[in-house]
Amino acid sequence: MYIDKVKKSNGTVSLSRIGNSLDNREIEYWFGIIKTELLNDLDYSEITFDELNLKIKEYVDWYNKERIQSNLEWKTLQQTAMML
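Take the sequence shown: its position 63, counting from 1, is numbered 63 in UniProt numbering, and each next residue is one higher.
Next up, the structure:
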């Protein structure tokens, strides 16, 4: 059912090669972070799709502009990008 909807929308189910989990390791890592820091604590029975969409957009904005990271020498992604 899901795959049919994706195909009808001209979407792609997966871009990685079969059996090669390293193809998507960066996005899988990021999905793990967003699940841990945002999504696991939400009560999905009390939130609309639009509210969830807004929360994710706000999280991404915060993640890029305010969340410092040790692997970036305690800078944000935005600060690091501006130095390039």
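All C-beta atoms, glycine included, are put in the ideal place defined by N, C-alpha and C.
Roughly how far, in whole angstroms, is the beta-carbon of residue i from the beta-carbon of residue j, given that I think they are within contact range, below 8 Å?
i, j, result
"Lys65", "Thr76", "6 Å"
"Ile27", "Val13", "About 14 Å separates the two Cβ atoms, so there is no contact after all."
"Lys55", "Leu38", "7 Å"
"Ile68", "Trp74", "5 Å"
Provide the residue span of the alpha helix (DSSP H) that contains residue i, from first to last.
i, result
"Thr80", "77 to 83"
"Asp41", "No alpha helix (DSSP H) contains Asp41, which DSSP labels as neither H nor E."
"Glu58", "49 to 65"
Have a look at the options and flag the residue whose alpha-carbon is nearest the alpha-carbon of residue i.
i, options, result
"Tyr59", "Ser14, Trp30, Glu73, Asp23", "Trp30"
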